[in-house]
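J.:
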Amino acid sequence: AVLTEVIEAQIKVLREQAGQAKLDTAKQQAQMERDCRATRCELLEMQPEAVTKDRLDLAVALSMGSMTGPVMAGMMAGYMDIPVTALTAMKEDKALLEARVGLLFRQ
Numbered sequence: 003a004v005l006t007e008v009i010e011a012q013i014k015v016l017r018e019q020a021g022q023a024k025l026d027t028a029k030q031q032a033q034m035e036r037d038c039r040a041t042r043c044e045l046l047e048m049q050p051e052a053v054t055k056d057r058l059d060l061a062v063a064l065s066m067g068s069m070t071g072p073v074m075a076g077m078m079a080g081y082m083d084i085p086v087t088a089l090t091a092m093k094e095d096k097a098l099l100e101a102r103v104g105l106l107f108r109q
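Offset between the sequence shown (1-based) and my numbering: plus 2.
1) My output table needs one value for M77: the three-state DSSP class, helix, strand or coil.
2) Do K24 and A79 have their C-beta atoms within less than 8 Å of each other?
3) Using C-beta distances below 7 Å, list every residue in its chain close to S68, excluding the 5 sequence neighbours before and after it, in chain order.
4) With burial defined as no fewer than 16 other Cβ atoms inside 10 Å of the residue's Cβ, what is the status of T70: buried or exposed?
5) Measuring alpha carbon to alpha carbon, tell me which residue in R102, V86, F107 and A101 is nearest A11.
6) For M34, report the span of its alpha helix (DSSP H) as first-last.
7) Answer yes or no: the CB of P50 versus the heavy atoms of the ligand GDP, is any distance below 7 Å?
8) The alpha helix (DSSP H) with V53 in it runs from where to where?
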């Protein structure tokens, strides 16, 4: 019972951390999309002879990041759920949990 409560407390903390990390990731993605739009608009409004390689590279990089960002954010969200899923599996397998407690008190 004590080990289950400890695991539940860890799961609660990890869920909160994962939620905050997902929120931070969403904010970063939104900022990248704003930066992409602004940089792209600035570049396209410039006279062609005023466009530098660095400015064009920045606009292209932000555009690529903006397009791939949601995929990366989805992958990261999945990674953030791994500790919660692992601890939940540990908590739900009562036989192995009891074996762990038995081992702890045997030593």
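Note that beta-carbon positions come from the ideal geometry of N, C-alpha and C, so glycine has one too.
Keep in mind the model is a prediction, meaning the values are calculated, not measured.
T.: Short version:
1) helix
2) yes
3) M34, E35 and C38
4) exposed
5) V86
6) V4 to E47
7) As for the ligand GDP, it is missing from this structure, which has no ligand bound.
8) No alpha helix (DSSP H) contains V53, which DSSP labels as neither H nor E.
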